[in-house]
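Comments concern the structure below.
Number of protein chains: 2
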Amino acid sequence: MTFSRHSNPQQQDTAFVVDTRRSPQARLHPVSLSNIQLTDTFWQPRRDINQTVTLPQQYELSARTGRLDNFRRAAGDSSIPFRGIFYNDSDVYKWVEAASWTLAQAPEARLEQQLDEVIALIASAQDDDGYLNTYFTFERQAERWSNLTDLHELYCAGHLLQAAVAHHRATGKTSLLDVATRIADNIASVFGPQGRPGTCGHPEIELALIELARETGEPRYLQQAQFFIDQRGQKPPVLNGSPYCQDHLPVREQQEAVGHAVRALYLYAGVTDAYLETGEAALDHAQEVLWQNLTERKTYVTGGVGSRWEGEAFGENYELPNERAYTETCAAIASVMWNWRLLQARPEARFTDVIEQTLYNGVIAGSSLDGKLYFYQNPLADRGKHRRQPWFDTACCPPNIARLLASLPGYFYSTSQEGIWLHLYASNTAQIPLTSGETITIEQQTNYPWDEEIRIKLQMQEAQDFTLFVRIPAWATGAQIQVNQQAVEGLAVKPGTYVQLKRTWQPGDEITIVLPLEVRLLESHPHVTSNRGRVAIVRGPLVYCLEQADHGSIDVWDIVLSGQTQWEAQAQKQLLGGIVTLHTQAYEQVQEEWQGQLYRPHNQGKQQRYRPVQLTAIPYYAWANREAGPMQVWLPLDEHIQAHPNSR
Amino acid sequence: MTFSRHSNPQQQDTAFVVDTRRSPQARLHPVSLSNIQLTDTFWQPRRDINQTVTLPQQYELSARTGRLDNFRRAAGDSSIPFRGIFYNDSDVYKWVEAASWTLAQAPEARLEQQLDEVIALIASAQDDDGYLNTYFTFERQAERWSNLTDLHELYCAGHLLQAAVAHHRATGKTSLLDVATRIADNIASVFGPQGRPGTCGHPEIELALIELARETGEPRYLQQAQFFIDQRGQKPPVLNGSPYCQDHLPVREQQEAVGHAVRALYLYAGVTDAYLETGEAALDHAQEVLWQNLTERKTYVTGGVGSRWEGEAFGENYELPNERAYTETCAAIASVMWNWRLLQARPEARFTDVIEQTLYNGVIAGSSLDGKLYFYQNPLADRGKHRRQPWFDTACCPPNIARLLASLPGYFYSTSQEGIWLHLYASNTAQIPLTSGETITIEQQTNYPWDEEIRIKLQMQEAQDFTLFVRIPAWATGAQIQVNQQAVEGLAVKPGTYVQLKRTWQPGDEITIVLPLEVRLLESHPHVTSNRGRVAIVRGPLVYCLEQADHGSIDVWDIVLSGQTQWEAQAQKQLLGGIVTLHTQAYEQVQEEWQGQLYRPHNQGKQQRYRPVQLTAIPYYAWANREAGPMQVWLPLDEHIQAHPNSR
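In order, the protein sequence lines correspond to chains A and B.
According to the UniProt record's numbering, the first sequence is numbered sequentially starting from 1.
According to the UniProt record's numbering, the second sequence is numbered sequentially starting from 1.
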């Protein structure tokens, strides 16, 4: 790998979510998010709220909870008490990252000034030797690096590095990048083949160091990341040997996604970052095996991952409980981060499908529609007690959502030697620089995910030869592509692939993509015991749920689908920020007979009685934005309800 | 309440599990377990193993893990380091209790000597002021009573009191009772209306103090227990106000079983003990409401309770996951303890039904058949990874099983003014002293729970007028009772009640009880989402399961019952200590089509395919005593398998 320092620090078309432009194994190259202006009604309103509501609120909460004062203290004012938990610096760093990506697209003087002040505050807290962690100051200074397993010291540094890289890519400023290289150099002076063994109980430093290597052109940061990756699974262990922090086996021998889900996914993202630079086959094998285990055994239909409250961990294969799904918002975000990196190495639609599934369901359910409240856990069924909160003592999720939303346009397109890749669909205008040096302007017009047609218009100076890679989601049976209102001869539009449109494109050419939005009912592998006899309602990338607010006095946990369902989709612009609701005739399973019983003999003489009921399903992400009440994603389905004419 | 010290300390017919003889609200009085000799093939072999294998092994493990050395240290040898966790004393106390109950029935010089030595060791560790806890010695002495919420200090004292009461009742010796009264007095000197507020984060002291009051005739220990009960749910809280330790509400206002299950059930047992002495209506109301919530919303079909690993806690209503059932063995035992106390106050078969259901399933599953290995958690489904262990760092469960098995005969009979109560069924010979002063010898002959006939023979000096109260379990539809081979005219044998046989009994009278052991399939309330479309196989008091060891290469998670099942029961004397297996024709749900998929469109073109398979069910308690493999209690049932002639 060869790196070169970016020549022009002021340019802002370097706002790459992950900069794989010079990564030897990257088949895709990023497009700066500053080149993409979302104009849609799904994501851009969320991003506007992120900028105008969420970022100011999170700044305010960081200040009020002592997170900023902790830096003032570390800068030398020992009269300020340390407040909060030892990993609280990382929340500030994620806010910095979110603010940086925001400024890459939407310059705002007040935010820029606030960001500069926070960065100055962070810089002021750095020691002369480069060390920076506000918890390990004054009386705790002697404890530095003494408990890597539990105290998130390198994790916090990793988020600082990520924030600094984002800030540099987004603004061209080096103020935080300088802080980052100094702490990275401090870390390298402590840990390494010639220094101490050790790595962090909570991965994050690995991917961050590799991004720092990409940003600075310094291969030593990549080597440092490789060292940390290789420290896991040693005998005797340098951590505690526990699967909880993925220290049970060397990374290259890990075959099952186990332990704390966010830790695992940040680690896997770091592993893929390392693979993108080194091409090491053993890392490639491990990431593929782990990805298959995760997606084929341990992923909720929402894209959420991490089934257990106990240890915030993955469960066993097929262990996917609904009410007690932990599915931390951060784990969904980490899954997006990892799949994006995998996609760079191997541009296959299966990774993008996971990204889209996770974004539309598992990630954005983590935030209220007004951008002020958050879920830490995202269950798929509830009795009405699980409600979003404005903040948490462990506040990892809120700024994680903020940084993802701020950087979201960076996930829409890639380029490669062959041309342009379309990953996600929402109205936008994008300037895509081809490797040839030409820039193609793409205008995407669609009301996706509500409507099924996507129109792409290409603008350029003159005709260009390149391939347009159009992602057809795996669910999009019957998808069609037209160019200039004409079918493309011999083109197979296969779901779950990138369809290649290779031609000489003319200025003004139009591509029309139709992704049929039939309502689909999904069933689970039979070993997912919690979903037996149940189906999930899905339309396009959106998983739906039933919420009590739409069903009056009928408990949505008692609603059963019959074998034949005719669905009606209704656009409701005023409801829950504008959604499409789904409607059908269903049945209420009458419960009176159970009074006071928990168990009873099966088929006790009489058939289950049902009452017809009109069902309304809303997108899962939109739940818990109205009055509290039961919610359910996986609905019982009884093929034989229709066969009981006496059921009413 | 009036108490009087027992007059004859040498008598051993005072080995009462709970001594309610002078409790004003007790409608039942206990029978000393020394009066009951089990001669059956179900319980007595377990009790023999308990005495010959388990107690020696637990002594050895207590020694090896430092639990006994901790007392040597506390006795003054500061060169011995404290080992283990702050609550480890309680394991020794439970061993003392188990050994005491054992000696009440089966004198054994070696065990008695070992017990006396352990008691001497415990006594040697007591401070002059009565304080005794080996953790809070030397450098930690200043921390005594400083953290009642977390450090189990009163909990350990409670187990000492229970052990001392058991030892006194079982052996007549006062050696440990003297230690107990001194620590109880020490506690009373610290906590109380005139002293400090506070109570223990882990209940246990409450029921223990009331039993000490009963044993010593000292009402002040009852008052101390009441003080501790009343400390919960104060505003501001004396603990932490958390439901985890039942401090969220005053006990009298608690309506839902929440928080740590063992803590809750020990507290409820203490509440019922208090009610038995005081008759306070508010306590009676609370215990009834809590019991209904627990049994109608939060109890597994095995009698196990406490659904969540997170916090070892009850879940929400109907939250009863199978693979991730926590169902701590100690919680099942605590449920037996509480229901036994409730039964004393209100002799209704519903409480005994819970006791029997829990004993035969949730409790004894906690131990291996050889008495050497233990489950802490008792899931109702597993993939083969959950295996019993010889010991735990937190070793509450092993000696808890030991003390329950040792005291088990004490749960078989009660007396009341009206006569004799038969609670449990297993061959035994019992001497039951009537309140009139006469002693009735009962010979119970049965092969229950494997066979359905129970024969009771009464022996006495001369004819006696009294009522025999015969428990008919709620599941025993079609139960019959005969006296001297004759039906009893006008007798209604109603399941779920104590049938009253009131007459002048003659020496040699025989009662025959038939409890039909039809195989029953149970279904769960529809809000138990994990059991939807599933049934549990139950025969008599035993819940059955499928274990991999009986099914070759067929995954028992893929076995489905059809709508019509004909069951065959086979007595297998050589299998798993002697069991009855259940057999039927079932179906294997063929899984090949799912390769690599976690979700797929429902009814994807073809019907589910089934292969016929011979099913073998074993009692749940016997699982995990052979090679590891999948296990399942709740089996899918498909009414319509038979309707698919092409299914093979």
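Built from N, CA and C at the ideal position, the CB exists for glycine as well.
Quantities reported herein were computed from a predicted structural model and do not represent experimental measurements.
- Of all residues in the region 319 to 339 of chain A, only Glu-319, Pro-321, Asn-322, Glu-323, Arg-324 place a beta-carbon less than 8 Å from a beta-carbon of chain B.
- Thr-299(B) carries a strand assignment under DSSP once its states are collapsed to helix, strand and coil.
- Contacts between Thr-429(B) and chain A, judged by CB atoms closer than 9 Å, are missing: the closest CB pair is about 35 Å apart.
- Its Cα nearest to that of Leu-265(A), the residue Ile-205(A) stands out among Tyr-318(A), Ile-205(A), Leu-239(A).
- Within the region 369 to 387 of chain A, those residues whose Cβ lies closer than 7 Å to any Cβ of chain B are, in chain order, Ala-381, Arg-383.
- CA-CA distance, Leu-422(B) to Thr-199(B), rounds to 37 Å.
- Within a 10 Å sphere around the beta-carbon of Arg-611(A) sit fewer than 16 other beta-carbons, which makes this residue exposed.
- Residues of the region 281 to 310 of chain B whose Cβ lies closer than 8 Å to any Cβ of chain A, in chain order: Gln-292, Thr-295, Glu-296, Arg-297, Thr-299, Val-301, Arg-308, Trp-309, Glu-310.
- Taking C-beta atoms as the reference points, Pro-390(B) and Asp-91(B) fail to come closer than 8 Å.
- Counting only unbroken stretches of 3 or more residues, the beta strand (DSSP E) elements lying wholly within the region 583 to 630 of chain A are 599 to 601, 610 to 619, in sequence order.
- Taking a C-beta distance under 8 Å as the contact criterion, Phe-314(A) and Gly-384(A) do not qualify as a contact pair.
- Contact between Val-514(A) and Ile-537(A) is absent: CB atoms are separated by about 21 Å, not below the 8 Å threshold.
- Annotated three-state conformation of Ser-175(B) is helix, per DSSP.
- Any Cβ of chain B closer than 8 Å to the Cβ of Asp-558(A) would place that residue at the interface, and such an atom is present.
- About 6 Å separates the beta carbons of Cys-545(B) and Gln-632(B), which is inside the 8 Å limit, making them a contact pair.
- Residues of the region 512 to 526 of chain A with a C-beta less than 7 Å from any C-beta of chain B: Arg-520, Leu-521, Leu-522, Glu-523, Ser-524, His-525, Pro-526, listed in chain order.
- Between Leu-276(A) and Ser-32(A), the gap from beta carbon to beta carbon reaches 8 Å or more.
- Inter-residue distance for Phe-16(B) and Pro-45(B) is about 22 Å (C-alpha atoms, whole angstroms).
- DSSP, read as helix, strand or coil, puts Gly-366(B) in helix.
- Per DSSP, Phe-227(B) is one residue of the alpha helix (DSSP H) stretching across 219 to 231.
- Around the Cβ of Arg-387(A), a 10 Å sphere holds fewer than 16 other Cβ atoms; the residue is exposed.
- With contacts defined by Cβ atoms closer than 8 Å, Arg-341(B) and Asp-273(B) form a contacting pair.
- Sorting Asp-129(B), Phe-392(B), His-525(B), Arg-532(B) by C-alpha distance to the C-alpha of Phe-375(B) places Phe-392(B) at the top.
- Excluding sequence positions up to five before and after Ala-109(B), its CB lies less than 7 Å from no other CB in the same chain.
- Among the residues facing chain A, Arg-350(B) is not included, as its CB has no counterpart in that chain under 8 Å away.
- In the same chain as His-640(B), and ignoring 5 residues on each side of it, the C-beta atoms closer than 8 Å to its own belong to Gly-563, in chain order.
- For Arg-263(B), the enclosing alpha helix (DSSP H) begins and ends at 261 to 278.
- Taking CB atoms only, Gln-589(A) has a neighbour in chain B less than 8 Å away.
- Nearest neighbour of Trp-291(B) by Cα position, chosen from Leu-501(B), Gln-254(B), Trp-309(B), turns out to be Gln-254(B).
- Among the bridge pairs identified by DSSP, Cys-545(A) is matched with Ile-618(A).
- Annotation: the continuous alpha helix (DSSP H) that includes Asn-339(B) extends over 329 to 345.
- In the DSSP annotation of this structure, the continuous segment of the alpha helix (DSSP H) that includes Pro-56(A) starts and ends at 55 to 64.
- Between the beta-carbon of Lys-372(A) and that of Gln-57(A) there is about 6 Å, and that keeps the pair under the 8 Å contact cut.
- Non-local C-beta neighbours of Gly-84(A) in its own chain, meaning closer than 8 Å and more than five positions away in sequence, comprise Thr-65, Gly-66, Arg-67, Asn-70, Asp-393, ordered along the chain.
- DSSP places Leu-161(A) in the helix class (H, G or I) of the three-state scheme.
- Residues of chain B with a Cβ closer than 9 Å to the Cβ of Leu-38(A) do not exist, since the nearest Cβ in that chain sits about 29 Å away.
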